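Protein chains: 2
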Amino acid sequence: MIHVVDPDFEKRLGEVGDRITVAIDQLIPPASGPEAQLMRAMRHGALGQGKRLRPFIAIEVGRMFGAQEKSLLRAAAALECVHAYSLIHDDLPCMDDDDIRRGQPTVHKAFDEATAVLAGDALLTLAFEIMASPETHRDAVMRCRLIERMAAAAGPRGMVGGQMIDMNPETGAEEPLQVLTRMQRLKTGAMISFAGEVGALLGGAQEHERQAIAGYTNDLGLAFQIVDDLLDVEGDAETLGKAVDKDREAGKVNFVTLLGVEGAQGQVRFLAAQAKQHLASFGNRATSLLQTVDFVLNRRH
Amino acid sequence: MIHVVDPDFEKRLGEVGDRITVAIDQLIPPASGPEAQLMRAMRHGALGQGKRLRPFIAIEVGRMFGAQEKSLLRAAAALECVHAYSLIHDDLPCMDDDDIRRGQPTVHKAFDEATAVLAGDALLTLAFEIMASPETHRDAVMRCRLIERMAAAAGPRGMVGGQMIDMNPETGAEEPLQVLTRMQRLKTGAMISFAGEVGALLGGAQEHERQAIAGYTNDLGLAFQIVDDLLDVEGDAETLGKAVDKDREAGKVNFVTLLGVEGAQGQVRFLAAQAKQHLASFGNRATSLLQTVDFVLNRRH
Numbered sequence: 025m026i027h028v029v030d031p032d033f034e035k036r037l038g039e040v041g042d043r044i045t046v047a048i049d050q051l052i053p054p055a056s057g058p059e060a061q062l063m064r065a066m067r068h069g070a071l072g073q074g075k076r077l078r079p080f081i082a083i084e085v086g087r088m089f090g091a092q093e094k095s096l097l098r099a100a101a102a103l104e105c106v107h108a109y110s111l112i113h114d115d116l117p118c119m120d121d122d123d124i125r126r127g128q129p130t131v132h133k134a135f136d137e138a139t140a141v142l143a144g145d146a147l148l149t150l151a152f153e154i155m156a157s158p159e160t161h162r163d164a165v166m167r168c169r170l171i172e173r174m175a176a177a178a179g180p181r182g183m184v185g186g187q188m189i190d191m192n193p194e195t196g197a198e199e200p201l202q203v204l205t206r207m208q209r210l211k212t213g214a215m216i217s218f219a220g221e222v223g224a225l226l227g228g229a230q231e232h233e234r235q236a237i238a239g240y241t242n243d244l245g246l247a248f249q250i251v252d253d254l255l256d257v258e259g260d261a262e263t264l265g266k267a268v269d270k271d272r273e274a275g276k277v278n279f280v281t282l283l284g285v286e287g288a289q290g291q292v293r294f295l296a297a298q299a300k301q302h303l304a305s306f307g308n309r310a311t312s313l314l315q316t317v318d319f320v321l322n323r324r325h
Numbered sequence: 025m026i027h028v029v030d031p032d033f034e035k036r037l038g039e040v041g042d043r044i045t046v047a048i049d050q051l052i053p054p055a056s057g058p059e060a061q062l063m064r065a066m067r068h069g070a071l072g073q074g075k076r077l078r079p080f081i082a083i084e085v086g087r088m089f090g091a092q093e094k095s096l097l098r099a100a101a102a103l104e105c106v107h108a109y110s111l112i113h114d115d116l117p118c119m120d121d122d123d124i125r126r127g128q129p130t131v132h133k134a135f136d137e138a139t140a141v142l143a144g145d146a147l148l149t150l151a152f153e154i155m156a157s158p159e160t161h162r163d164a165v166m167r168c169r170l171i172e173r174m175a176a177a178a179g180p181r182g183m184v185g186g187q188m189i190d191m192n193p194e195t196g197a198e199e200p201l202q203v204l205t206r207m208q209r210l211k212t213g214a215m216i217s218f219a220g221e222v223g224a225l226l227g228g229a230q231e232h233e234r235q236a237i238a239g240y241t242n243d244l245g246l247a248f249q250i251v252d253d254l255l256d257v258e259g260d261a262e263t264l265g266k267a268v269d270k271d272r273e274a275g276k277v278n279f280v281t282l283l284g285v286e287g288a289q290g291q292v293r294f295l296a297a298q299a300k301q302h303l304a305s306f307g308n309r310a311t312s313l314l315q316t317v318d319f320v321l322n323r324r325h
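Chains as they are written, first to last, in this note's numbering: chain A, 25 to 325; chain B, 25 to 325.
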């Protein structure tokens, strides 16, 4: 990939990431009482060196539509709690069995399996508590809409359903590429799309604007996953902060095993161009979101 | 225990239980697509032969205050989804490692561990989706309040925190009975109290009425837990539908190991009387809630 990421963009991404980290730290209860280990495990899982891509998308889309910063920050923190919970549970021995995440021991390695299950449960629950609070938005109708959409994106016909397919797909008559595409759309696509929705809803975007954002996040989410599969083959464990070539070793299909390296790279380029095209009508206001596409293409971890 | 449970009460409890089962069955998505196993596991975990005590409390309290039946049923179904998720995760090998629940194989035995983690996650997420929907109540402020209270009752300073204490308590300077009481209050008490709140909120109860209900559910929840500990010692596995004397074998303290059998029985009688006293001002309207106390005292599983 030949795109170059603007250093100002990386700074902007880092600033949003830092604000999200601070916000989540404040929203997780203090580690006190006989249940204190739970809060320590929640922090371990949620305050690591993540890219904070989903909250960044939520906040940048929201800024484009003039949403209030405080609402954006809290809603973005809630969705990042959902993402953090999903990583903790996906890393469990009974799931992907990963010991390292973002260069740190996964929660079940730093603590134990029971604590990891509970820390994930608690972060998911906290996400809904954050979203429902009047501090997130003055209008309860808006809060309920965000909660309904978040639950749909994270639930059985969203992220959790995608992880179920990843674990034990019932293929029936469907082609492997069909199953894989559905898996990706649910497992990673749904929450990336929800990030865009958060910004669009809080910014009061018009229907055609919401559709443009949905098209953008849809393409970006799929590109993100294919890059992930390419990194699984091409990356090295040190840069990536996690084990590589896991899919091939596990005998799993992914976009690279199905399309080949060149086919997958071509698909990423196509999706990137299409994602940017969805933003054409926003002109310069979408600069940061356009750069996000390049960032996703260039990522090395 | 010498109380006799009214057969009409058992019928009423059974009817509410059946309605809850039907409602949850309709709210879980159909088992279709390559993620179908997830929905089957959700049904396995949520549609078993539970007592449906929490939704029953929610509905009976709500009826006493004249709440709408449809709102009560949906909110009660949501809270039962939270309860079902907690049982699925508590039964996992890394937690209580139970193979049997309500006389049936637990979800991780009927399916596998990964599916059990995901089915629990999905039921928790679904619970919030149900609560946030305009079908549950026309007023979004009410829906958000229910969601905030549900998240607080289920989260790190509620049910999940209680399970953390049960797994790995940090005792510090606290007495064992203090830690145990906090564990119970969080692990089982918080959601039983939330059940009462659901009915009181949806029924528009006054502040003093809400406090009376809170006192009632607080005592009932603690009595419920002590009876549980007594059954763990006195019960037999066949009636109970699960393994017995697990706490002693695991070297755990519970109310019976700390208070003795007679001490625990005395505490249950005291709490039962106190729970009923909280309902005195409601007169005959509280008959069903009074009978619930006797039901909890007489339960054999």
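Beta carbons: idealized from backbone N, C-alpha and C, even for Gly.
It should be emphasised that the depicted structure is a prediction, and the values quoted were computed from it without experimental measurement.
Task: Proximal residues to B/L170 (C-beta, below 7 angstroms), its chain only, five neighbours per side dropped - done: A99, M155, V222, L225
Open item on the list: So, with DSSP's three-state summary, where would you put B/R125?
Closed with: strand
Open item on the list: Buried or exposed, going by whether 16 or more other CB atoms sit within 10 Å of the CB of A/E59?
Closed with: buried
- [ ] For chain A, find out if any of its Cβ atoms is closer than 7 angstroms to the Cβ of B/C105; answer yes or no.
- [x] no
Open item on the list: So the candidates are B/L37, B/E39, B/L97; which of them puts its Cα closest to the Cα of B/G227?
Closed with: B/L97
- [ ] Kindly indicate which three-state DSSP category A/Q41 falls into: helix, strand or coil?
- [x] A quick correction: the sequence has Gly, not Gln, at residue 41 of chain A. Correct three-state label for A/G41: helix.
Task: Cβ-based burial, B/R78 [other Cβ within 10 Å; buried from 16] - done: buried
Open item on the list: I'd like the ranges of any alpha helix (DSSP H) spanning at least 4 consecutive residues and lying wholly in the stretch 153-227 of chain A.
Closed with: 164-178, 183-191, 200-208, 214-226
Task: Members of the stretch 205-232 of chain B that neighbour chain A once the beta carbon cut-off is set at 8 angstroms - done: R206, M207, L210
TODO: Pull out every residue of the stretch 147-166 of chain A whose Cβ sits closer than 7 angstroms to any Cβ of chain B, in chain order.
DONE: L148, T149, L150, F152, E153, A156, S157, A164, V165
Open item on the list: Nearer than 6 angstroms: is that true of the beta carbon of A/A297 relative to any heavy atom of the ligand ZN?
Closed with: No copy of the ligand ZN occurs in the structure displayed, which carries no ligand at all.
- [ ] Please look up how many angstroms separate the CB atoms of A/I189 and A/R206, rounded, as I've assumed it's under 8 angstroms.
- [x] 7 angstroms
Task: Chain-ordered residues of the stretch 174-199 of chain B with a beta carbon less than 9 angstroms from chain A - done: M174, A175, A176, A178, G179, P180, R181, G182, M183, V184, G185, G186, Q187, M188, I189, M191, N192, P193, E194, T195, G196, E198
Open item on the list: Does chain A have any CB closer than 7 angstroms to the CB of B/D145?
Closed with: yes
TODO: Can you grab the Cα-Cα spacing for the pair A/A164 / B/A91, in whole Å?
DONE: 21 angstroms
- [ ] Could you tell me whether any Cβ in chain B is nearer than 7 angstroms to the Cβ of A/I171?
- [x] yes
- [ ] Starting from the beta carbon of A/H113, find every residue of chain B whose beta carbon is closer than 7 angstroms, and list them in chain order.
- [x] V141, D145
TODO: Give a yes or no on whether the C-beta atoms belonging to A/V184 and B/D145 are separated by under 7 angstroms.
DONE: yes
Task: Residues that B/V320 contacts on chain A, provided the C-beta gap is smaller than 9 angstroms - done: None at all; the shortest Cβ gap to chain A is about 25 angstroms.
TODO: Please classify A/G196: is it buried, with 16 or more other beta-carbons within 10 angstroms of its beta-carbon, or exposed?
DONE: exposed
- [ ] Indicate the three-state DSSP secondary structure (helix, strand or coil) for A/G239 in the structure shown.
- [x] helix
TODO: Using alpha carbons as the reference points, say which of B/K75, B/H302, B/R209 lies closest to B/D42.
DONE: B/K75
Open item on the list: Taking the straight line between their C-alpha atoms, what separation do you get for B/I237 and B/L244?
Closed with: 10 angstroms
Task: Proximal residues of chain A, C-beta to C-beta of B/V203 below 7 angstroms - done: P58
Task: Alpha-carbon spacing of B/E198 relative to B/G186, whole angstroms - done: 15 angstroms
- [ ] Compare the C-beta of B/A138 against all C-beta atoms of chain A and say whether one is closer than 7 angstroms.
- [x] yes
- [ ] For the alpha helix (DSSP H) containing A/V106, list its first residue and its last residue.
- [x] 93-114
Open item on the list: I want to see whether chain B comes within less than 7 angstroms of A/L246, judged by CB atoms only; does it?
Closed with: no
Task: 7 angstroms Cβ cutoff, A/L282 in contact with chain B - done: no
- [ ] Take B/F279 as the anchor and find which of B/E104, B/S312, B/R209, B/L313 has the nearest alpha-carbon.
- [x] B/R209
- [ ] List the residues of chain A whose Cβ lies closer than 9 angstroms to the Cβ of B/E31, in chain order.
- [x] Correcting the residue type first, residue 31 of chain B is Pro in the shown sequence and not Glu. Residues of chain A passing the Cβ test: none, with the nearest at roughly 38 angstroms.
Task: Enclosing alpha helix (DSSP H) for B/F294 [first to last residue] - done: 279-302
Task: A/F8, buried or exposed, once every other Cβ within 10 Å from all chains shown has been counted against 16 - done: Limits of chain A in this structure are 25 at one end and 325 at the other, which puts residue 8 of chain A out of reach.
Open item on the list: Using a Cβ-Cβ distance cut-off of 7 angstroms, determine whether A/L62 contacts chain B.
Closed with: yes
Open item on the list: Using the Cβ count rule (16 or more neighbours within 10 Å means buried), how would you classify A/T149?
Closed with: buried
Task: CB contact check: A/P53 to chain B, cutoff 7 angstroms - done: yes
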